[in-house]
Amino acid sequence: MLEKAYDPAGTEDRIYAMWESSGAFRADAKSEKESFTVSMPPPNATGQLHLGHAVMLALEDIFIRFNRMRGKEVLWVPGTDHAAIATENVVIKQIQKEEKIPNPRAKLGREELIRRIAEFVERSRDTIRSQVRKMGSSCDWSRERYTLEPALNRLVNEVFVSMYRDGLIYRGHRIVNWDPKLQTTVSDDEIVYEERKDPFYTFQYGPFQIGTSRPETKFGDKYVVMHPEDERYAKYKHGDTFTAEWINGPIKATIIKDKAVDPTFGTGVMTITPWHDTVDFELAERQDLDKEQIIGFDGKLLPIAGEFEGMRIEEARPKIVSKLEKKGLLVKIDEGYIHNVALSQRGKGLIEPQIKEQWFIDVNKRVVQWKRRELSLKEVMQEVVKTGLIKIIPERFEKEYFHWIDNLRDWCISRQIWWGHRVPVWYKKSESAVDTHVGVTPPEGNGWEQDPDTLDTWFSSALWTWSTLVDTKLTEDTSLSLQDLLLQSPDFMKFHPTDVLETGYDIIFFWVARMVLMTTYVTGSIAELEYGQVPFETVYLHGLIRTRDGRKMSKSDPDTMIDPLDMIGKYGADALRLSMIVGQSPGNDSRLYEEKIAGYRNFVNKLWNASRFVLMQCDQAKVDPHTIAPSDMKPKSLADHALLYELLSVRSDVTDAIATYRLSEAGERLYSFVWDFFCDWYLELSKGEVNIPFLVNALREILQLIHSYCPFVTEELWSHVKYNEFGMLIQHPWPLPISKGHGEEREAFQVLIDVVTTVRRMRSDYGVEQAKTIALILHSQKYEDVLASQKEHILRLTKADQWTLTAKPEKHQNAASTFLPGVEVHIPLEGLLDLAKEKASAEEERDRLKTYKKGIEGKLKNKAFVENAPTAVVDQEREKLASTEEKLKKIEERLKMLK
RNA sequence: GGGUGGUUAGCUCAGUUGGUCUAGAGCGUCUGGUUUACACCCAGAAGGUCACAGGUUCGACUCCUGUACCACCCACCA
């Protein structure tokens, strides 16, 4: 016999091991079945699983389990991400701290550092693997991949080379976000802005006054820019020159007119520093102006600064200001200037814009093949969502997606770090020039040196949906083209495109958009793939999990963190999964706290105990549940019919809801069905005369329907109640949704439900403890048989000794009886009934009904409604009106009597 | 500055093309309960003018406009 309470800790690992060793997770590329594929967003190979991962795993596991049960060939590919900068930073910090090496890069060298990081990653990946298992994820471990493995490196190189040949990847001098602290470029998306209050200086520059918060960049300024229509400066012509006294002596300046200048800001005049400012850089490009570097990559001033050369910015700034002041060029200082400062998301170092030679992906060049047309990457990305090839849930993120693409600039893909896919480009310096080789493999011959940069981590992640499906062995054959690699990989041909990509909305731009970009580019020219595949057909974006008071959970604030593994240990993975999914809607943030998880633990326990009850019934009747065939599910009592009806209705609701990604709705439906209907109503009612075969089969179906939400407890219970010939629940077929029938039966058992409910309510309302006799007053003959057949039930549930069935309305009718259309319930209260109380409640009821009736009448008076609304709706309204009028009449009669 | 979303019971949130919602759930609160599965339970109750102001409609939590407050995203101004 089962224990009194479910023990997740003692169950989950055992069940998971059973699933895994049975091969239930493994997909078969040769299967005839329709495929259903999900690529797991690879967690960073650093550190621990957090709630973001947990919610992702729970959602994806539901999609996967549901579709597996529905008879699809499912594949869920797990993996980890090398997470370039993040990982390198973690390891460097570790070495700095533990080995007291201030600059590990310089001290250890490239090879050694990479070796150390790889070692660290190997350990972390083991942790991640076991944590993903703890969540119950039914992914195919035999296909686990890693973004930095050799096979994927081959594909990364193939894509790079191909894009280079198409002219989509180019090397150029561009302004980049330089992090002097980490000595690397940082992408726009990895920058955070912080509001700072700094002094704002106004200097005299020739005849103009210019403002700046960064005097240290002003050494090389030799252009003065103003708006062409600014009348204050109309006398100065574009291209005019003048000489101005400046920091290190006189300087020859040129006047430039450009619309980028805001005439209302400051004096409406500015000087520019193209090397260290994005806007200035663009202006300089447009106007074809000189650019000069002022600050070195180490963050120190260059020789152009004269006496200030070699100084750090913080040190130089006050000195520069005071020098200008001495020269009489300082007009004023405004101390309260509030502006945003760019900081690196990782390490919080100050970002210094610099011009650097970097690798870029051109998003505007129209050379991408897509459905036999030539588009730019930008256009393809827009096209696939516009035409519905990709759907985003919730829909509003499609708007944000388009908005993001509209503002998209060329993607800088090179990084000055060591951990990652190295740029597959080699240089050979000779006296006269530099030879360049761009290739999947290194060039022949001596003297070649590989580009030191690595690729943005999102470059390899962007290939994830298909790179993980390419056969590893094939990638060792260098004679195969990228196209061959795809077309000859059975997994790719069977499982791509993937069905749904599930991830947090916070990385829609980092990752989702870039997967679209890469995949459409790579597949667009392949005829066998109908000239293009998208990486996924549906994007499901979940919200962030926040703390109880709505804050973000952050590592720096451990008190706010809920560790999913702690929660699993305490309440079980099933409870954690439910608590993150039920009551959550896609794209919206949600709050999680322990009581919530405990609530779902209670639910899991409820399910456990309901099953325990069923097993006890079997035990008492000396029936082995394993021998009860599914075909034995024959309803006997009205309660059975009621349950059957509800079950069919739940089945179709839940199937529909999950298939359309409304997981919360399906979860809630199951929750209240199991608890309120099955346990509190049906099981209570069936005590005393149990229809065991029916009950066992009903429980089996419940377990099937809810398995994807709480896989562990259901699989465990399944082993106790399943039919001998069945296998594990994880592979059991999903119950076929059947359209609802049972109209008359439904009506009949509804009467039963209502009678019992009404009697209970009346007892509570009037504080009647023991009514020995209850009277059921029938307004309609047709319920007589129904009620008679359930006499025993009714007496037991109403705690009455006997009853009377009366066909006519009697004197002492009760307000509460209006709940029943065909039957009224009357408990003779032997003078206890408080007439005044009843009257008040009847009056209240009458007023409510009157208002309601008015509403319906208004509706039916409206021609537009009657003519245009579906006839079913109109009929419904007429019925409502009729029944309301009837109720009103009854109440008014009763009120007369009470007088 | 540009954009998106939210504002529903004490708390956390559902509410799918406007009409079975005369607004729901969980938690919390209160009342009652040793009913042969479960106190991680059972039976009930209280609690909301669905942010505010207009509009469209026979009818609005649901659609439109505006306001306030709260989030988030993007850009970043010398």
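Mapped onto the numbering used here, the consecutive letters of the first sequence carry residue numbers 85 to 983. Cβ coordinates follow ideal geometry from the N, Cα and C atoms, glycine included.
Under DSSP, Arg696 forms no beta bridge with any residue. Scanning Gly304, Trp359 and Lys319 for the CA closest to the CA of Ile335 turns up Gly304. Put simply, the backbone Cα of Ser271 is about 40 Å away from that of Lys411.
Runs of the alpha helix (DSSP H) lying entirely within the region 580-644 and spanning at least 4 residues, in chain order: 597-607.
Between Val158 and Ile148 a beta carbon distance of about 5 Å is seen, short of the 8 Å cut, so the two are scored as contacting. Beta-bridge analysis with DSSP links Val447 to no other residue. Spatial neighbours of Asn151 in its own chain (CB-CB distance under 6 Å, excluding positions within 5 residues in sequence) are listed in chain order as Phe120 and Val158. In the three-state DSSP reduction, Lys181 falls in the helix class (H, G or I). Between the region 469-486 and the region 502-513, the count of C-beta pairs closer than 8 Å stays below three; the two stretches do not touch.
Counting along the chain, the unbroken beta strand (DSSP E) around His257 starts and ends at Ile253 to Asp263. With 16 or more neighbouring CB atoms inside 10 Å of its own CB, Ile439 falls in the buried class. Going by C-alpha positions, Ile339 is about 6 Å away from Tyr307. Judged by their CB atoms, Arg229 and Val122 are not nearer to each other than the 8 Å cut-off. At least 8 Å separates the beta-carbon of Ile665 from that of Leu86. According to the DSSP secondary-structure assignment, Gly290 is paired through a beta bridge with no residue.
About 6 Å separates the CB atoms of Gly420 and Lys281; that is less than 8 Å, so the two are in contact. If you check the CB distance, Ser498 and Trp532 do not come in under 8 Å.
Cβ-Cβ distances below 6 Å link Pro312 to Lys341 in the same chain, with the five nearest sequence neighbours on each side left out; the list follows chain order.
The beta carbons of Tyr807 and Ala713 sit about 6 Å from each other, so the pair counts as a contact at 8 Å. Contact between the region 670-679 and the region 699-717 is absent, with fewer than three C-beta pairs closer than 8 Å. Burial is judged here by how many other beta carbons sit within 10 angstroms of a residue's own beta carbon; His791 has at least 16 and is buried.
Contact holds between the region 790-804 and the region 738-757, because three or more Cβ pairs, one in each stretch, are under 8 Å apart. Taking the C-beta atoms as reference points, Asp535 is found nearer than 8 Å to Val509.
Distance from the Cα of Pro817 is smallest, within the candidate group Ile786, Val797 and His804, for Ile786. Within the model, the alpha-carbon separation for Ala167 versus Thr286 is close to 44 Å.
When Cβ pairs closer than 8 Å are counted between the two stretches, the region 593-606 is seen to touch the region 457-477, the count reaching three or more. Rounded to the nearest angstrom, the Cβ distance from Glu441 to Gly383 is 19 Å, too far for a contact under 8 Å.
In the DSSP assignment, Met310 falls within the beta strand (DSSP E) that extends over Tyr307 to Met310. Under DSSP, Gly333 shares a beta bridge with Trp330.
Collapsing the DSSP output to three states places Ala318 in coil. In the DSSP assignment, Tyr766 falls outside any beta strand (DSSP E) and carries neither an H nor an E. The C-beta of His423 has fewer than 16 other C-beta atoms within 10 Å across all chains shown, which makes the residue exposed.
Looking only at Leu414, Leu732 and Glu528, the smallest Cα-Cα distance to Tyr289 is reached by Leu414. Spatial neighbours of Ile476 in its own chain (CB-CB distance under 6 Å, excluding positions within 5 residues in sequence) are listed in chain order as Glu482 and Val623. Shown here, Cys496 sits in a strand according to DSSP, grouped into three states. The Cβ atoms of Ala337 and Phe326 lie closer than 8 Å to each other.
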